[in-house]
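Asks: Everything in the sequence shown is counted per numbering that gives the first Met the number 0, starting at 0 for the first residue and increasing by one. Handing you a structure now.
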Amino acid sequence: MERIEYRPIGKIHTQFKDGTGVPRQAAGASELAGRIEIFDEYVAGLEDLEEFSHIVVVFHLHKASKPSLKAHPPWEGRRHGVFATRSPYRPNPIGLSVVRLIRIEGGNLHIAGIDMADGSPVLDIKPYVPELNPSVDIRLGWLEGKVNGMNKSKSGDR
């Protein structure tokens with residue numbers, strides 16, 4: 000298989016400098032604020048983004064180490080295949096979060112609902128449009144009945 004290469008369009012700035020204490024899910028961090036710095040050559044791509052309340056941020060989980068095909072979620076008694084979890088320790092450590100867009104100042108996006116470590120490279124940004132996402136007949140698999148409360152845990156919690 001050929002190698003795939005991406006260039007970051009920006010960098011995330013948060014209070015989580017060493018990667019510890021990062022909320023495991025953005026849903027549990029609705030008031031935590033941060034900033035996305037978009038590199039100069041990509042700032043023109045922000046045009047009209049300020050009209051959206053929420054954005055999808057695709058980023059590299061640069062603090063994740065030791066990828067594994069099995070993951071042991073802290074709220075679960077057993078291991079699961081990594082593709083059936085939201086573990087950061089994946090073959091391709093890519094993060095995906097929906098965050099609230101507070102405002103844009105030049106190339107800086109002020110956001111809330113962060114679950115990212117400081118310095119995370121941003122790969123892409125898209126507007127979040129709920130109507131374009133499935134909302135019926137969703138199965139939660141092994142997470143059924145377990146998601147309440149898990150959005151408040153942080154990295155390092157077990």
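Beta carbons: idealized from backbone N, C-alpha and C, even for Gly.
1) CA-CA distance, Arg-2 and Phe-15?
2) Return the CA-CA distance between Leu-45 and Gly-112, expressed in angstroms with no decimal places.
3) For the beta strand (DSSP E) holding Leu-108, just list the boundary residues, first then last.
4) Any contact of the region 77-93 with the region 56-65, i.e. 3+ C-beta pairs under 8 Å?
5) Taking DSSP as the reference, what is the three-state secondary structure of Ala-32?
6) To the nearest angstrom, report how far apart Val-56 and Asp-114 are at their CA atoms.
7) In the DSSP assignment, what residue or residues form a beta bridge with Lys-125?
8) If you measure between the beta carbons of Arg-34 and His-12, is that distance less than 8 Å?
9) Are Gly-76 and Leu-68 close, meaning C-beta to C-beta below 8 Å?
10) Tell me, which residues are paired with Leu-100 by DSSP?
11) Taking only the alpha-carbon atoms, compute the straight-line gap between Glu-40 and Ile-8 and give it to the nearest angstrom.
12) Candidates His-109, Arg-102, Phe-82 and Val-42: which alpha carbon is nearest Gly-94's?
13) Only counting the same chain, and skipping five residues up and downstream in sequence, which positions put a Cβ closer than 8 Å to that of Glu-49?
14) Give the DSSP bridge partners of His-12, in chain order.
15) Could you give the distance in angstroms between the alpha-carbon of Ile-110 and the alpha-carbon of Ile-124?
Replies: Judging by the given coordinates:
1) CA-CA distance, Arg-2 to Phe-15, rounds to 31 Å.
2) Roughly 20 Å between the two C-alpha positions.
3) Start and end: 107-111.
4) Look at the beta carbons and you see the region 77-93 touching the region 56-65: at least three pairs across the two are nearer than 8 Å.
5) Looking at Ala-32 - three-state DSSP - the assignment turns out to be strand.
6) A direct Cα-Cα distance of roughly 11 Å separates Val-56 from Asp-114.
7) BP columns for Lys-125 point to Val-55.
8) Contact: yes.
9) Their beta carbons are not under 8 Å apart, which means Gly-76 does not touch Leu-68 by this criterion.
10) DSSP, once it has assigned bridges, lists Ile-110 as partnering Leu-100.
11) Rounded to the nearest angstrom, the gap between the Cα atoms of Glu-40 and Ile-8 is 8 Å.
12) Of the residues His-109, Arg-102, Phe-82 and Val-42, the one whose Cα lies closest to the Cα of Gly-94 is Phe-82.
13) So the qualifying residues of the chain are Leu-100, Arg-102 and Ile-103.
14) DSSP lists Arg-34 as partners of His-12.
15) Approximately 12 Å between the Cα atoms of the pair.
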